[in-house]
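Input: a single structure, listed below in structure tokens.
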Amino acid sequence: MSTTKPVIVYGASGYTGRLICEYLREYNLPFVAAGRDKARVQEAMDKIPGIETATYEVVEVAHAVGPLTELFTGASVVCNTVGPFAQYGHEVVEACIAAGTHYLDTTGEQDWLIACDEQYGQAMADLGLLLCPGLAQMYTTGEIAANICLETPGLDTLDIQVFWKGFPTIASTRTILVNAALSKAYYLEQNQYVEWPADAGLYDVTVPGQHQTELALPWGGTSHPVWFKRDPRVANVKVLGGVFNRALMQGVPQIVAAVVEQVKDLAVEEKYTVLAEQAAGVMNEMPPRENPRINTSLDSVYASGPLGRAHCVIYGNCNYKQTGLLQAYAAHSLLQQAPQRVGFASGCQAFGHSELLGTLRSFGLVMEPVLTVHG
Ligand SMILES: NC(=O)c1ccc[n+]([C@@H]2O[C@H](COP(=O)([O-])OP(=O)(O)OC[C@H]3O[C@@H](n4cnc5c(N)ncnc54)[C@H](OP(=O)(O)O)[C@@H]3O)[C@@H](O)[C@H]2O)c1
Numbered sequence: 001m002s003t004t005k006p007v008i009v010y011g012a013s014g015y016t017g018r019l020i021c022e023y024l025r026e027y028n029l030p031f032v033a034a035g036r037d038k039a040r041v042q043e044a045m046d047k048i049p050g051i052e053t054a055t056y057e058v059v060e061v062a063h064a065v066g067p068l069t070e071l072f073t074g075a076s077v078v079c080n081t082v083g084p085f086a087q088y089g090h091e092v093v094e095a096c097i098a099a100g101t102h103y104l105d106t107t108g109e110q111d112w113l114i115a116c117d118e119q120y121g122q123a124m125a126d127l128g129l130l131l132c133p134g135l136a137q138m139y140t141t142g143e144i145a146a147n148i149c150l151e152t153p154g155l156d157t158l159d160i161q162v163f164w165k166g167f168p169t170i171a172s173t174r175t176i177l178v179n180a181a182l183s184k185a186y187y188l189e190q191n192q193y194v195e196w197p198a199d200a201g202l203y204d205v206t207v208p209g210q211h212q213t214e215l216a217l218p219w220g221g222t223s224h225p226v227w228f229k230r231d232p233r234v235a236n237v238k239v240l241g242g243v244f245n246r247a248l249m250q251g252v253p254q255i256v257a258a259v260v261e262q263v264k265d266l267a268v269e270e271k272y273t274v275l276a277e278q279a280a281g282v283m284n285e286m287p288p289r290e291n292p293r294i295n296t297s298l299d300s301v302y303a304s305g306p307l308g309r310a311h312c313v314i315y316g317n318c319n320y321k322q323t324g325l326l327q328a329y330a331a332h333s334l335l336q337q338a339p340q341r342v343g344f345a346s347g348c349q350a351f352g353h354s355e356l357l358g359t360l361r362s363f364g365l366v367m368e369p370v371l372t373v374h375g
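Everything in the sequence shown is counted per UniProt numbering, starting at 1 for the first residue and increasing by one.
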């Protein structure tokens, strides 16, 4: 069945999919809430405050290129939240190419970004379509901070820190484990990917705005090295991230090492099965709705060059809401005008960092950035 609704939210029964639907309602955009289980999607929709004023339909669809293509045909934008994306994303991008729809997702997986760039970027560009994986709090908010620093010319090195407070969702937990166990993590040095050591371990880092240090990890490399690899202003990008919870962070390397050991001799499909079981053991229920007094975010970027320095910090709250809003705003924008780039592009490259910041600010999810410039 093709659709007359312009936006498809695939994975609408999930924590993030539901939030995208909430914000699509606030933008007055008709949408299809799609997922593998119609009853679960309907249950999620029924919990959205004010949903009775939204124009939407609930559709069950099998996770395969054919049925997804059929569903996407007639729509303009797909917001995909079915992760881990390195595992489940290919079918959705292929369906977007077949149906001629723009593609957005919420990934933070570096290997998926590289796969999108290398495997599908040209095909999407040839069709005049946007391929924008990773439009999400991690790491678009940090990308906005980096771009604010880069408004000062002559800076070529980005030292980025991403922190948040709260609980990961079921798919986020699974994604973190799959990403840590199955993929390499890269930083950027003189425009080349350089692999983080597999046992990079924990870094004790200073965090703007507090006296206590925190523990951080390369966190799979993050999206920034991929996005900035093609930015002529930038040559070096290193990112560390974590949650504001030292005890939890202390345990992460052991959890990951144990899982890596457990799956190392298995075939790929078996690895995914074991990783899903392990992740379910860590987190198997939907976390509570975010609370701005608890769920905070911090994105800090030191940008430097031979003769200049800038530092930008964005304090925010409710990561998952930030993600839902960014997706809904992008859909709203794509329905009115072409993106600033087609093919593979980051959120800031496609929509502009000022516009994305303005959107987050107007919904009360981030403070005004704190910027210091020297040089
Ligand atoms: N970078 C960021 O800042 C950021 C922010 C938010 C989310 N994310 C990422 O986005 C993804 C989704 O997160 P979430 O919070 O929405 O997780 P979630 O609440 O667990 O939802 C996952 C969604 O994916 C669906 N799904 C899972 N396996 C599927 C399969 N085999 N076929 C079809 N659908 C499947 C689920 O459907 P059922 O309900 O039927 O199980 C559900 O709709 C994760 O990878 C997460 O890491 C990243």
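We put the CB at the ideal spot given by N, CA and C, even for glycine.
Keep in mind it's a predicted model, so treat the numbers as computed, not measured.
Original post:
Per DSSP, what kind of secondary structure is lysine 264 in: helix, strand or coil?
Top reply: In this structure, DSSP gives lysine 264 a state outside helix and strand, which the three-state scheme calls coil.
Original post:
Is residue 378 near ligand 1, going by C-beta to nearest heavy atom under 6 Å?
Top reply: The structure shown does not extend to residue 378, since the chain spans only 1 to 375, so no value can be given for it.
Subject >> threonine 16, buried or exposed, once every other Cβ within 10 Å from all chains shown has been counted against 16 >> reply: Around the beta carbon of threonine 16, 16 or more other beta carbons sit within 10 angstroms, so the residue counts as buried.
**OP:** Verify the contact flag: tyrosine 15, CB atom, against every heavy atom of ligand 1, threshold strictly below 6 Å.
**Re:** Within the cutoff, so yes.
Subject >> Cβ shell of glutamate 189 (< 7 Å), same chain only, five flanking positions each side left out >> reply: The beta carbon of glutamate 189 sits closer than 7 Å to the beta carbons of Asn236 from its chain, once the five residues preceding and following it are set aside; these are given in chain order.
Original post:
Does the beta-carbon of glutamine 192 have 16 or more other beta-carbons within 10 angstroms, so that it is buried, or is it exposed?
Top reply: It counts as exposed.
Original post:
Could you give the C-beta distance for alanine 44 and arginine 25, rounded to a whole number, given that I count them as a contact under 8 Å?
Top reply: Rounded to the nearest angstrom, the Cβ distance from alanine 44 to arginine 25 is 13 Å, too far for a contact under 8 Å.
Subject >> Neighbourhood of histidine 311 by C-beta, 6 Å cutoff - its chain only, sequence neighbours within 5 removed >> reply: Only Tyr302, Thr372 meet the Cβ criterion.
**OP:** Compute the minimum distance between the beta carbon of serine 2 and the heavy atoms of ligand 1, and state whether it is under 6 Å.
**Re:** Not so, every heavy atom of ligand 1 lies at least 6 Å from the Cβ.
Original post:
Beta carbon of valine 274: closer than 6 Å to some heavy atom of ligand 1?
Top reply: Answer for valine 274: no, Cβ out of range of ligand 1.
Subject >> Cβ-based burial, residue 377 [other Cβ within 10 Å; buried from 16] >> reply: Examination of residue 377 is not possible in this model, given that the chain is present from 1 through 375 alone.
**OP:** Report, in whole angstroms, the separation of the C-beta atoms of glutamate 277 and threonine 175, which I expect to be a contact under 8 Å.
**Re:** In fact, because the Cβ distance is near 15 Å, the residues do not count as touching under 8 Å.
Original post:
In the DSSP assignment, what residue or residues form a beta bridge with glutamate 214?
Top reply: For glutamate 214, which the question treats as bridged, DSSP gives the partners Val205.
Original post:
Can you list the alpha helix (DSSP H) stretches of 4 or more residues lying completely in the stretch 258-304, in chain order?
Top reply: Runs of the alpha helix (DSSP H) lying entirely within the stretch 258-304, each at least 4 residues long, are 268-282 in chain order.
Subject >> Rounded straight-line distance, which links the Cα of leucine 307 to that of alanine 64 >> reply: Distance between the alpha carbons of alanine 64 and leucine 307: 52 Å.
**OP:** Report, in whole angstroms, the separation of the C-beta atoms of leucine 130 and methionine 124, which I expect to be a contact under 8 Å.
**Re:** Between methionine 124 and leucine 130 the Cβ distance is about 7 Å, and since that is below 8 Å, they are a contact.
Subject >> Boundaries (first-last residue) of the alpha helix (DSSP H) holding histidine 224 >> reply: Residues 224-229.
Original post:
For the candidate residues Leu266, Cys318, Asp265, Glu195, whose alpha-carbon lies nearest to that of lysine 238?
Top reply: Answer by Cα proximity: Glu195.
**OP:** Could you check which residue in Tyr187, Leu215, Tyr320, Gln210 has the C-alpha nearest to that of valine 226?
**Re:** Distances from the alpha-carbon of valine 226 to those of Tyr187, Leu215, Tyr320, Gln210 put Tyr187 closest.
Original post:
Is it true that the CB of phenylalanine 163 sits closer than 7 Å to the CB of leucine 298?
Top reply: Remark: C-beta atoms of leucine 298 and phenylalanine 163 approach each other more closely than 7 Å.
Original post:
For lysine 321, does the three-state DSSP call read helix, strand or coil?
Top reply: It is helical.
Original post:
Can the beta-carbon of alanine 328 be found closer than 7 Å to that of tyrosine 23?
Top reply: Contact flag set, yes.
**OP:** Could you check what DSSP says for threonine 175 in three-state terms: helix, strand or coil?
**Re:** The three-state reading of DSSP puts threonine 175 in helix, counting H, G and I together.
Original post:
Going by beta carbon distance, what residues of the same chain come within less than 6 Å of phenylalanine 363, once the five residues before and after it are set aside?
Top reply: Leu325.
Subject >> Alpha-carbon to alpha-carbon, aspartate 111 and glutamine 349 >> reply: Computed Cα separation, rounded: 19 Å.
Original post:
Taking one C-beta from the stretch 281-294 and one from the stretch 311-322 each time, how about it: are there three or more such pairs within less than 8 Å?
Top reply: By the Cβ rule, the stretch 281-294 counts as touching the stretch 311-322, because three or more pairs are nearer than 8 Å.
**OP:** Tell me where the alpha helix (DSSP H) around glutamine 337 begins and ends.
**Re:** Counting along the chain, glutamine 337 sits inside no alpha helix (DSSP H), nor does DSSP assign it H or E at all.
Original post:
Any idea which residues DSSP pairs tyrosine 10 with across the strands?
Top reply: Beta-bridge pairing links tyrosine 10 to Ala34, Asn80.
**OP:** Please go through the same chain and pick out, in chain order, the residues whose beta-carbon is closer than 7 Å to the beta-carbon of glutamine 119, but skip the five residues on each side of it.
**Re:** Here glutamine 119 has no same chain residue with a Cβ atom under 7 Å from its own Cβ, once five neighbours each way along the sequence are excluded.
Subject >> Three-state class that DSSP yields for tryptophan 196 in the structure shown >> reply: It is coil, neither helix nor strand.
Original post:
Which one or two residues does DSSP pair with threonine 372 in a beta bridge?
Top reply: His311.
Original post:
Per the contact definition of three or more C-beta pairs closer than 8 Å, is the stretch 88-97 in contact with the stretch 200-213?
Top reply: Using a Cβ-Cβ distance cut-off of 8 Å, the stretch 200-213 and the stretch 88-97 are not in contact, since fewer than three pairs of beta carbons, one from each stretch, lie closer than that value.
Original post:
So does the stretch 238-252 actually touch the stretch 217-224, counting three or more Cβ pairs closer than 8 Å?
Top reply: Yes, the stretch 238-252 touches the stretch 217-224.
Original post:
What are the boundary residues of the alpha helix (DSSP H) that valine 65 is part of?
Top reply: 65-72 is the extent of the alpha helix (DSSP H) around valine 65.
Original post:
Run through DSSP, which three-state label would threonine 152 get?
Top reply: Threonine 152 falls in the coil class under three-state DSSP.
**OP:** Assuming alanine 181 and leucine 275 form a contact by the criterion Cβ under 8 Å, report the distance between their Cβ atoms to the nearest whole angstrom.
**Re:** Confirmed, Cβ separation roughly 6 Å.
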